Amino acid sequence: MTTTTTDDVAPVRFDTKIAVLLRDDLQPWQRLNVTAFLVSGLGTAVPEVVGEPYADGDGTAYLPMFRQPVLVFEGAKEVLTAAHGRALSRSLPVAVFTSDLFATGNDRDNRAAVRALGRDRLDLVGMAVHGPRNAVDKVLKGARMHP
Numbered sequence: 000m001t002t003t004t005t006d007d008v009a010p011v012r013f014d015t016k017i018a019v020l021l022r023d024d025l026q027p028w029q030r031l032n033v034t035a036f037l038v039s040g041l042g043t044a045v046p047e048v049v050g051e052p053y054a055d056g057d058g059t060a061y062l063p064m065f066r067q068p069v070l071v072f073e074g075a076k077e078v079l080t081a082a083h084g085r086a087l088s089r090s091l092p093v094a095v096f097t098s099d100l101f102a103t104g105n106d107r108d109n110r111a112a113v114r115a116l117g118r119d120r121l122d123l124v125g126m127a128v129h130g131p132r133n134a135v136d137k138v139l140k141g142a143r144m145h146p
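Numbering (numbering that gives the first Met the number 0), first residue to last: 0 to 146.
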């Protein structure tokens, strides 16, 4: 018999937030692609956001995933630019995706495309950020939840 304590049923509240901010003029396939690329950066740079591996009832092993929800937001180009600046000024871990990356086909060319421009000239179409809930909320000021 399994017993359930109050701690087992209490809602889990995280001190941190994982958020993706997408430019609101992207095509649906672009939104999905950008989101997938962006969160992969957070998982490698901030290993504490990744939980334990999964296994089903038959013992089949599965890869670990984030231990907390990923919230997806959208906003105009100006909202994204401002959020990027706020995230950098708070020294939060940030992943970026620029419009140039839609024309490249590999990681080497992706990195070269970002490196070719100064931070103020990046044509951002998405960013992911992780940090304390309050700080991430301030970074995302002006963005709205993705529908």
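The C-beta atom is built at its ideal place from N, Cα and C for all residues, glycine as well.
Remember, predicted model here, so these are calculated numbers, not experimental data.
Checklist entry - Can you pull the DSSP bridge partners for Gly-18? => result Just to set this straight, residue 18 is Ala in the shown sequence, not Gly. Partner residues in the beta bridge of Ala-18, as assigned by DSSP, are Leu-70 and Val-128.
Checklist entry - According to the neighbour-count rule (16 or more other Cβ atoms, all chains shown, within 10 Å of its Cβ), is Ala-54 buried or exposed? => result Within a 10 Å sphere around the beta-carbon of Ala-54 sit fewer than 16 other beta-carbons, which makes this residue exposed.
Checklist entry - Which first and last residues belong to the beta strand (DSSP E) in which Arg-59 is found? => result What sits at residue 59 in the sequence shown is Thr, not Arg. Taken as a continuous stretch (DSSP letters only), Thr-59 belongs to no beta strand (DSSP E), as it is neither H nor E.
Item to check | Buried versus exposed call for Leu-116 [16 or more other C-beta atoms within 10 Å across all chains shown] | outcome: Counting of Cβ neighbours within 10 angstroms places Leu-116 among the exposed residues, the total staying below 16.
Checklist entry - Got a sec? Which residues, its chain only, sit under 8 angstroms from Leu-70 by beta carbon, not counting five neighbours each side? => result Sequence-distant Cβ neighbours of Leu-70 in its own chain, meaning closer than 8 angstroms and more than five residues away, are Lys-16, Ile-17, Ala-18, Val-19 and Met-144.
Checklist entry - Which of helix, strand or coil does DSSP assign to Ala-94? => result Reduced to three states, the DSSP call for Ala-94 is strand.
Checklist entry - By how many angstroms is the C-alpha of Pro-68 removed from the C-alpha of Leu-31? => result One Cα belongs to Leu-31, the other to Pro-68, and the distance between them is close to 16 angstroms.
Checklist entry - Between which two residues does the alpha helix (DSSP H) harbouring His-83 extend? => result Residues 76–88.
Item to check | Three-state class that DSSP yields for Val-138 in the structure shown | outcome: In the structure shown, Val-138 sits in a helix (DSSP, three-state: H, G or I).
Checklist entry - Any idea if Thr-194 is buried or exposed, counting beta-carbon neighbours within 10 angstroms, 16 or more meaning buried? => result Here the chain covers residues 0 to 146 and nothing more, so residue 194 does not appear.
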